[in-house]
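S.K.:
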Amino acid sequence: MKNQTVYSESSYEFYKKVKSKKTKKDLKLRLGLIDHIIEQLFEDYDNHYDDNNLQSLEPHGFVGQPKLDLEELYKYSSKTLTDLQIALTTTPTGRNVKCQYCTINAVNTFDHLVPQGFYSEFVVHPKNLFCSCSDCNSRKGAIWRNAGQRTSLNLYLDQLPNLQYLFVEIDVQNTSIGTRFFLNNTGNIDVNLFQILNDHYTKLGLFKRFSENANDVITSFLLSAEPAFSMGTPEAAKAFILSSLEKEKVAFGFNYWETLLKIELLRHPEFLRLLQELV
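Counting from 60, one number per residue, gives the positions in the sequence shown under my numbering.
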């Protein structure tokens, strides 16, 4: 999981571009009647975003036809939103289309950071759209703040620390390897941020999902680590692989579950025994 780069161009111009692509004349005419309101609301969102204070953003309260019209602007498969998804997932080395909420599934939808059910005015605000998978999106739900505090992780705003907070315990029984993932604030991360992280991992069921996907990672790691152990001493092989895994942290995130799992496997004597049996 890594922080993502937010859309940097004019939010309201993006709204106008989405609206201009609609083919229903009556829809465009009705939306045109509230353009001045939407422009002000978009500016308000941007100001709250810049102040990292989205939790104090109140819905305008559109109901009836205006609400339906605004909601009709959002269509994930539309060219404008597809272009946005491509822009947000493009990196200097290509594209990263893995959902950063879970780092398991591929991106196939947008999460509305401020829920669209209550904030129809921001249904296509580009800073309110985060590339995610449908599994995470459905689990996340609409509860995003409590008692004036934001409870949902925002990977545009919440800066992830280069400190370990995700851990995994390994249990080896003969040739069967079990895992248990959990969070621990041993690095004294800001209490509010750690609570948001804990809510994120819990609400999205990430601990169980990591364990359910661990087998493929473990099997692949066994096969890829075997050549290093066959060419030198176990100590030298471990040092070489750990050096590569530190680079993985930079590339995929300091708390990327697959990397942390591999590191913990290298520390486990029973896993090393399984490796030695392959050599």
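Even glycine gets a Cβ: it sits at the ideal position worked out from N, Cα and C. If you're wondering where the values come from, they're calculated on a predicted model, not measured in any experiment.
(1) Starting from E130, trace the alpha helix (DSSP H) both ways and give me its first and last residue.
(2) If we count Cβ pairs, one from each stretch, closer than 8 Å, do we get three or more for the region 175-191 versus the region 275-292?
(3) Spell out a yes or no on whether the region 247-264 and the region 189-208 are touching, meaning 3 or more CB-CB pairs, one atom from each, closer than 8 Å.
(4) The alpha helix (DSSP H) with D103 in it runs from where to where?
(5) In the DSSP assignment, find the alpha helix (DSSP H) that holds N115 and state where it starts and stops.
(6) Might you give, ordered along the chain, the residues of its own chain that have their beta carbon closer than 6 Å to the beta carbon of E343, omitting 5 neighbours on each side?
(7) Going by beta-carbon coordinates alone, are R198 and L263 separated by less than 7 Å?
(8) Is the beta carbon of V227 sitting closer than 7 Å to the one on T245?
(9) If you drop the 5 nearest sequence neighbours on each side, which residues of the same chain put their C-beta closer than 6 Å to that of L147?
(10) In terms of residue numbering, what span does the alpha helix (DSSP H) encompassing V276 cover?
(11) For the region 125-141 against the region 75-85, do three or more pairs of beta-carbon atoms, one drawn from each stretch, fall closer than 8 Å, so that the two count as touching?
M.R.: Taking the structure as given:
(1) G123 to E131
(2) no
(3) yes
(4) D94 to D109
(5) The sequence shown places Ser at residue 115, rather than the Asn named in the question. Unbroken run through S115: none, as it is neither H nor E.
(6) The shown model of the chain, from 60 to 338, leaves out residue 343, and the question about it has no answer.
(7) yes
(8) no
(9) C190
(10) L265 to S289
(11) yes
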